[in-house]
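Here is the structure we will look at, set down as structure tokens.
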Amino acid sequence: MNRVNKMYANGKVAVKDVNLTIQQGEFVSFVGPSGCGKSTIFKMISGLIDQTSGHVDILGKTPRDAQKESTDVAFVFQDATLLPWRSVIDNVMLPLEFRNIAHSEKKERAYKVLEMVGLKEYTKALPRELSGGMKMRVSIARALIAKPKLLLMDEPFGALDEITRQNLQSELLRIWENEKMTVLFITHNVFEAVYLSTKIAVMTPSPGKIESMVEVNLPFPRKAEIRTDPQFSSIVANVSHDLKF
Ligand SMILES: Nc1ncnc2c1ncn2[C@@H]1O[C@H](COP(=O)(O)OP(=O)(O)O)[C@@H](O)[C@H]1O
Ligand SMILES: [Mg+2]
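Okay, so the sequence shown: first residue is 17 according to this note's numbering, each after it adds one.
So this is what it looks like as structure tokens:
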């Protein structure tokens, strides 16, 4: 993103002069108070809305072109947004619905991603039979089935209890390390951001700006115990400090 600004039709400046370069394979979290423009940045990256000025470049393409090829970018929202009348596997196959791929391969890929998120016993279940954490796993599997190079996650674990949240964080890191896609992740939770990320974009509101980029120099794979490491706490303190600007 190069000098990107976004002013909505009502005159609200949601994002101001954002410059951001993210290398392939990174895991970058965006933290900041509500209303600071995090979702707006994601909507511009995914081509849902256009920036007012500046440039957004995704793998050498405009966001809309990257979106057209639909395998490049996938989105996961806080609300799992599953179709209630479809089984787990049919929800997961949805992104491949209009793609020219044999049904047998679609199924095979669906089983594989459901196994990755620990749900291969639940392929025939309906969304209403699943817990909140399981629904989120289905939503992640659905995003992974098209093998995206870039995965955008907007507060995906915000509605989950702490234990489920920590389990899903570990699973997500394992998947990211195996699949080597780029992940951009929005959260309010500084601990979550430090645990997951290679870098953290700390944002401040009015107008929405990136206040700092904090490097998280903790080794991978990250065990759950790293949360009590003094180095972990010191990065949490740095990020919290930058949030208070
Ligand atoms: N469609 C819209 N029209 C006008 N203002 C909007 C619109 N969407 C978001 N905003 C405003 O832009 C700012 C940033 O919103 P958003 O990107 O959703 O923040 P965040 O995701 O960090 O909570 C907020 O002040 C919000 O009220
Ligand atoms: Mg938001």
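A virtual CB, placed ideally from N, CA and C, is assigned to each residue, including glycine. Please read these numbers as outputs of a predicted model, since none were measured by experiment.
Residues bridged to residue i [DSSP beta-bridge criterion]
| i | result |
| --- | --- |
| residue 219 | 226 |
| residue 169 | 92, 201 |
| residue 43 | 199 |
| residue 231 | 215 |
| residue 18 | 71 |
| residue 77 | 74 |
| residue 23 | 29 |
| residue 34 | 20 |
Beta-carbon gap between residue i and residue j smaller than 8 Å
| i | j | result |
| --- | --- | --- |
| residue 99 | residue 154 | no |
| residue 157 | residue 133 | yes |
| residue 74 | residue 57 | no |
| residue 89 | residue 172 | no |
| residue 53 | residue 174 | no |
| residue 189 | residue 237 | yes |
| residue 230 | residue 258 | yes |
| residue 221 | residue 49 | yes |
| residue 253 | residue 186 | no |
| residue 211 | residue 243 | yes |
| residue 68 | residue 116 | no |
| residue 196 | residue 41 | yes |
| residue 206 | residue 256 | yes |
6 Å Cβ shell around residue i - same chain, five flanking residues per side excluded
| i | result |
| --- | --- |
| residue 200 | 44, 168 |
| residue 160 | 129 |
| residue 141 | 104 |
| residue 176 | 148, 149 |
| residue 63 | 79, 80, 83 |
| residue 184 | 173 |
| residue 36 | 17 |
| residue 138 | 104 |
Beta-carbon proximity list for residue i, same chain, < 8 Å, skipping 5 on both sides
| i | result |
| --- | --- |
| residue 110 | 99, 102, 158 |
Burial state of residue i, where buried means 16 or more other Cβ atoms lie within 10 Å
| i | result |
| --- | --- |
| residue 178 | exposed |
| residue 114 | exposed |
| residue 247 | exposed |
| residue 2 | The displayed coordinates of the chain run from 17 to 261. Any statement about residue 2 would go beyond what the structure contains. |
| residue 121 | exposed |
| residue 208 | buried |
| residue 198 | buried |
| residue 125 | buried |
| residue 170 | buried |
| residue 19 | exposed |
| residue 217 | buried |
| residue 260 | exposed |
| residue 107 | buried |
| residue 30 | buried |
Anticipated Cβ contact below 8 Å, residue i with residue j, distance rounded
| i | j | result |
| --- | --- | --- |
| residue 202 | residue 46 | 5 Å |
| residue 34 | residue 17 | 5 Å |
Cβ shell of residue i (< 7 Å), same chain only, five flanking positions each side left out
| i | result |
| --- | --- |
| residue 162 | 86, 87, 90, 111, 112 |
Heavy atom of ligand 3 within 7 Å of residue i beta-carbon
| i | result |
| --- | --- |
| residue 170 | Of the ligands this structure carries, namely ligand 1 and ligand 2, none is ligand 3. |
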